[in-house]
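Numbering (full-length UniProt numbering), first residue to last: 1 to 1238. Don't be surprised by glycine CBs; every beta carbon is placed ideally from N, CA and C.
1. Rounded to whole angstroms, what's the CA-CA distance from residue 139 to residue 237? Just pull it up for me.
2. With a CB to CB cut of under 7 Å and the five nearest residues on each side skipped, what residues in its chain are close to residue 763?
3. Comparing alpha-carbon positions, which option in 418, 400, 346 lies nearest residue 435?
4. Just list the residues that DSSP pairs residue 938 with in beta bridges.
5. Work out the CA separation of residue 526 and residue 511 for me, nearest whole Å.
6. Any contact between the stretch 981–993 and the stretch 1003–1013? By contact I mean 3 or more CB pairs, one from each, below 8 Å.
7. Tell me the start and end of each unbroken alpha helix (DSSP H) in the stretch 134–173 that is at least 4 residues and wholly inside, in chain order.
8. Around the Cβ of residue 146, are there at least 16 other Cβ atoms within 10 angstroms (buried) or fewer (exposed)?
9. I want to know whether the stretch 883–900 touches the stretch 850–870 - three or more CB-CB distances under 8 Å.
10. Measure the C-alpha to C-alpha separation of residue 52 and residue 893 and round it to an integer number of angstroms.
11. Tell me the residue span of the beta strand (DSSP E) that contains residue 582.
12. Do residue 326 and residue 386 have their C-beta atoms within less than 8 Å of each other?
13. So what does residue 1169 bridge to, in DSSP terms?
14. Give me, in chain order, the residues of the same chain whose beta-carbon lies closer than 7 Å to that of residue 14; leave out the 5 immediate sequence neighbours on both sides.
15. Taking a contact to mean a Cβ-Cβ separation below 8 Å, would you say residue 461 touches residue 441 in this structure?
16. Under 8 Å between the Cβ atoms of residue 829 and residue 945?
17. DSSP three-state label for residue 545, please.
18. Is the beta carbon of residue 324 less than 8 Å from the beta carbon of residue 285?
19. Who are the near neighbours of residue 1109 in its chain, counting only those whose CB is closer than 6 Å to its CB and skipping five residues on each side?
20. Identify whether residue 279 lies in helix, strand or coil by the three-state DSSP scheme.
21. Give every residue of the same chain whose Cβ lies closer than 6 Å to the Cβ of residue 723, excluding the five residues on either side of it in the sequence, and list them in chain order.
22. Which word fits residue 173, buried or exposed, when buried means at least 16 other C-beta atoms lie within 10 angstroms of its C-beta?
23. Taking DSSP as the reference, what is the three-state secondary structure of residue 1002?
24. Rounded to whole angstroms, what's the CA-CA distance from residue 1031 to residue 585? Just pull it up for me.
25. Would you say residue 937 and residue 900 are within 8 Å of each other, going by their C-beta atoms?
26. Among residues of its own chain, excluding the 5 on either side of residue 1155, which ones have a beta-carbon nearer than 6 Å to its beta-carbon?
27. Decide if residue 1208 is buried, meaning its Cβ has at least 16 other Cβ atoms within 10 Å, or exposed.
28. So, with DSSP's three-state summary, where would you put residue 107?
29. Quick one: Cα of residue 258 to Cα of residue 796, how far?
30. Taking the alpha helix (DSSP H) that residue 422 belongs to, which residues open and close that run?
31. Using 8 Å for Cβ pairs, my map puts residue 1244 next to residue 952. What's the rounded Cβ distance?
32. Which two residues bound the contiguous alpha helix (DSSP H) that contains residue 670?
33. What are the boundary residues of the alpha helix (DSSP H) that includes residue 823?
34. Residue 1209 bridges to which residues according to DSSP?
35. Relative to the alpha-carbon of residue 1147, which residue among 1093, 1168, 287 has its alpha-carbon at the smallest distance?
36. May I ask you to report which of helix, strand or coil DSSP gives residue 1128?
Take a look at the structure:
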């Protein structure tokens, strides 16, 4: 039966839709105008949002009626219903307030109360139509069943799109019914595009239309009939609908597979056009990926048995999806037959995936699937080879020849090009011979015209072969056009090989595995040149306008912008001129929140946890409040675009007190746009003399350059093209090269005519080749962190250890060996020290942006690491079976939807972007079920729920685990991870209970609980029976209870080197409880932090080990810390006493001395007087006074010859005054005073 609609009905529906869209647009305008006042009008805007949602439900009904209605209804006239509905829409559209919403500005102040009354009245009227809507939907369902419409037209698609939006609004964005309907839509569009005969898929379309109309009916009921009993019925009906279109329904899957086979067998696949077809085919590929994921997760026996094939199917389909997301210019480079092969590949994937839902796969079906799978892989391999030629290696060297050989080898293996295999193999063998000759003459090719000519000719012919491959159209591949050239070049190569091969020079006399380990790395950067520039910028910062000003340094990468900015930032006259200083690395990839946290971290480091849980907007306000009325100096380093500045500038108040912002950027456009009063400073290149001076200071810091290498050294410095970074890199190479080998490098650098940046890249390549093989993966690991980011050295070393990159050396801990590796990389000028520890060690490090870019490229070339950024990175990534490490920076929702299937990877690191608070728990458990070979899993920035993910227990190969969540405890089953070495937990609760079984994890080296305290078991029997953690080197932030169990716990890690704990003692101190805390058995303990909780009244006595180098004591009474001076190796001491302590004077006895103390940090002390002399601290370098109110401190401190710096943070005016008096008395620039006021 064919249902037709009269023109009158169609026009009525069109008119109602037009009025509905007008109202919808006006309400959207209303929302936009009040968006800036969302907090004030929150309830009102919610009403508008609900009305818009209900209008969308009405719109879906109207679109449904437009597709299937006719003039004459069982329950009344459609025209009468439409007339009533349109009348109400017109009334609301003509309402004065909404009618006025046609311009950008409000013509007058709205009466919100009146507007809400009008909207509420309209909602009530909509409710009166409820019965009619439901009855009309029921009639429409009957019409759909009677209809034999075969048209997939715009009318149907508009209805489906509106319905999908409704399902997301009413049932949620992840509603399965929505997802399955969307998939069915993609399938039908795909087979329509393929031109499959309608009779083959009419049942599929009929099912789709029925489910769609029923879903529209149910979404309307679900919204307007929200009673519990109705809702339960609706959920039941939805589950029934799902069964009709679920892939697990054998009948449905069989129908889908049959339709796709029809397209393949009849050869009706259409030519793929970018503009008209890419969306259709691409969306279907996306849907198939979701389907495949469902297969893998439902665990069919066939999918489990063919797991490797399933991964290849997944990889191939993702690759096709990436092709379909290409830019049009690249896609059009493909021959039309190759484009069609892409569409055919997607079709093959669909057949395979639907067949996987068949109940029994055996016999002929199994053979057919194997053949289909082979056919699919052949297509994928061929397309990969052809598209790879679009982006060959960015070099005309040996890498290009190797790239060509790899492609020829793969091409010759394919059955699709069997007709050309012999020709391909002949060309392949010719290039193997040619590549061998080119490798021999690589180092001397620029010194001889014949060698240069051969090299250029070889690359030219290789490019021609590449062009033939890129234009492949499935017809026999012919190399006749280049056969004569290839023969000629082979002859030339043989002659040159005979003539020069035996005389080929070797690489310079270097100690390729020469190590800098054992040497002390240069932690302070060598500063040369730019004296005039430094003075000019300091003058701009200190003088000029009273208004807030932005000073900028502009120049190409590697010129030394950051080094110059640091010279200014650390200048003492600058420090004395401002109240607040802060440094922020922006870089090319950044998050606004991270930038704000970095700036606030410089101002209030003790509030890091509190700030990290705040939204970016709240952080902006907090920063504004911190800077308000203070004279501040902030450096924004490496700014790439004006958006970064616009995102921060509202946080910088202008109090007309000469506050300053210093910006460094490669781009003049950025500097010119942020300019306010001062002109940008263009940084010049080094002169040859400055380059030579820097090279000498890098290589001979304490002596003159030997005359024997002075001339060649100057030649090398000149080859650096005035780029300081190039000088630093070549110095790193020469540092491990015998001096008689310098001449070889001078010749290699001078024979190449390159730009400054290209010369720098060339030097990086030389440097990378020069470092020992065991250091290369350690260096490549820097790419796992964002460009410009300061990397905690401790975490980096732990990652190296977890992956087994650190070799075991006799009588040395792995951490010591790893520190040697880091020193080596710093000594080679490849890694920079960003921040130092309190005693001058390495706290954070980084690599220069150019080095990071080089390492990222090298990491991809060597398949060491895949670095994925954002949506495009995830959705265009084509998994390779050889991929071992994945590092992902994207929004969490993109990661969860990415459906990455990489069971072979060993390292997964995910860092979410755009996380707000409160954070919703992450749903990434699919990773744990698939990637069972993981050794490193870093999810330390991803928030999980209140329960530890049980699936992690399956990852028995894990060595490194970082996780974050709202959990209150770690399950005992964590002990299944018996290989675990590093366990990092970041929590939201006050405490996290660690299980008893943790004492059985004997491979653990480091346990860290951040933002919470880790509680450990105190059950005596369990403690006595469990193992001893001999390998445990650090245990941070645990909660211990004073008593016998505590001493037994401390016995569990005899080799601990770093320990941080909170010690709890009841307010009612147990009389017979021992007052002595024995720790002197921990003979290897070097760093200890203890925070007392309710223990002051007990007057505990601590027996500390003499091995301590760092000691941090919080809330200790003075009587408990009086014997600290007996620790002979103590270098860093932090003291924080109870503010209620009765001791008000700290008087150090004359005989007391802290012989090795270098840093003294006094924080929140209750004392008012500190007496003594500088003789107590003969090696003191740094004194920090924080939140203190002392009225007397030893004035002779300033005369301590070793004292370099006094920091005052948020202390009373009396302390500030006392410190300034010390500064005035000394009258020397050797003592730096930094005072940060509250």
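Concretely, from the data shown:
1. Taking the first residue of the chain shown as 1, we reach residue 139 at position 139. Taking the first residue of the chain shown as 1, we reach residue 237 at position 237. Approximately 17 Å, taken between the alpha carbons.
2. Within the chain shown, numbered from 1, the residue matching residue 763 stands at position 763. Cβ neighbours of residue 763 beyond the five flanking positions: 726, 729, 730.
3. By 1-based counting over the chain shown, the position of residue 435 is 435. Considering only alpha carbons, the answer is 400.
4. In the chain shown, residue 938 corresponds to position 938, counting from 1. In the DSSP output, where bridge partners are listed per residue, residue 938 has 909, 962.
5. Looking up residue 511 in the chain shown gives position 511. Looking up residue 526 in the chain shown gives position 526. Low confidence applies to residue 511: its pLDDT is 35, below 50, so where it sits in the model is not reliable enough to give any reading.
6. yes
7. 154–171
8. Taking the chain shown and counting its residues from 1, one reaches residue 146 at position 146. It counts as exposed.
9. yes
10. Reading the chain shown from its first residue, position 52 is the one you call residue 52. Reading the chain shown from its first residue, position 893 is the one you call residue 893. The straight-line gap from Cα to Cα measures roughly 26 Å.
11. Within the chain shown, numbered from 1, the residue matching residue 582 stands at position 582. Here the beta strand (DSSP E) through residue 582 covers 580–587.
12. The residue you call residue 326 lines up with position 326 of the chain shown. The residue you call residue 386 lines up with position 386 of the chain shown. Going by C-beta atoms, residue 326 is not nearer than 8 Å to residue 386.
13. Locating residue 1169 in the chain shown gives position 1169, where the first residue counts as 1. Looking at the DSSP assignment, residue 1169 forms a beta bridge with 1145, 1192.
14. Residue numbering aside, residue 14 sits at position 14 when the chain shown is read from its first letter. Within the same chain, residue 14 has no close Cβ partners at all.
15. Counting from 1 along the chain shown, the entry for residue 461 is found at position 461. Counting from 1 along the chain shown, the entry for residue 441 is found at position 441. No, the Cβ-Cβ distance between residue 461 and residue 441 is not below 8 Å.
16. For the purposes of this step, residue 829 is identified with residue 829 of the chain shown, where counting begins at 1. For the purposes of this step, residue 945 is identified with residue 945 of the chain shown, where counting begins at 1. Cβ atoms of residue 829 and residue 945: not closer than 8 Å.
17. Indexing the chain shown from 1 puts residue 545 at position 545. Note: residue 545 maps to coil in three-state DSSP.
18. Residue numbering aside, residue 324 sits at position 324 when the chain shown is read from its first letter. Residue numbering aside, residue 285 sits at position 285 when the chain shown is read from its first letter. In contact: residue 324 and residue 285 (Cβ atoms closer than 8 Å).
19. Here residue 1109 corresponds to residue number 1109 of the chain shown, with the count starting at 1. The answer, listed in chain order, is 1086, 1129, 1131.
20. Here residue 279 refers to the residue found at position 279 of the chain shown. Residue 279: helix per DSSP, three-state reduction.
21. As a working mapping, residue 723 is identified with position 723 in the chain shown. Here the set comprises 558, 756, 760.
22. Within the chain shown, the letter at position 173 stands for residue 173. Burial call: exposed.
23. Here residue 1002 is taken as the residue at index 1002 of the chain shown, counted from 1. Three-state DSSP puts residue 1002 in coil, outside helix and strand.
24. Translated into positions along the chain shown, residue 1031 becomes position 1031. Translated into positions along the chain shown, residue 585 becomes position 585. Whole-angstrom Cα-Cα distance: 37 Å.
25. Against the chain shown, residue 937 aligns to sequence position 937. Against the chain shown, residue 900 aligns to sequence position 900. For residue 937 and residue 900, no; Cβs fall outside 8 Å.
26. Taking the first residue of the chain shown as 1, we reach residue 1155 at position 1155. Counting only Cβ-Cβ distances below 6 Å, and skipping sequence neighbours, we find nothing.
27. For the purposes of this step, residue 1208 is taken as residue 1208 along the chain shown, with counting starting at 1. Buried, since its Cβ has 16 or more Cβ neighbours within 10 Å.
28. Within the chain shown, the letter at position 107 stands for residue 107. Note that residue 107 scores 45 on pLDDT, short of 50, meaning its location in the model is unreliable and no value can be drawn from it.
29. Walking along the chain shown from the start, residue 258 turns up at place 258. Walking along the chain shown from the start, residue 796 turns up at place 796. Their backbone Cα atoms lie some 53 Å apart in a straight line.
30. Position 422 of the chain shown, counting from 1, holds the residue named residue 422. Element bounds for residue 422: 421–441.
31. Because the chain is modelled from 1 through 1238, residue 1244 falls outside the range shown and cannot be assessed.
32. Taking the first residue of the chain shown as 1, we reach residue 670 at position 670. Residue 670 -> alpha helix (DSSP H) spans 668–674.
33. Indexing the chain shown from 1 puts residue 823 at position 823. Per DSSP, residue 823 belongs to the alpha helix (DSSP H) from 814–827.
34. Indexing the chain shown from 1 puts residue 1209 at position 1209. In the DSSP output, where bridge partners are listed per residue, residue 1209 has 1186, 1236.
35. As a working note, residue 1147 is residue 1147 in the chain shown. For the residues 1093, 1168, 287, the minimum Cα distance to residue 1147 belongs to 1168.
36. Sequence index remark: in the chain shown, residue 1128 carries index 1128 (1-based). The answer is coil: DSSP assigns residue 1128 none of H, G, I, E or B.
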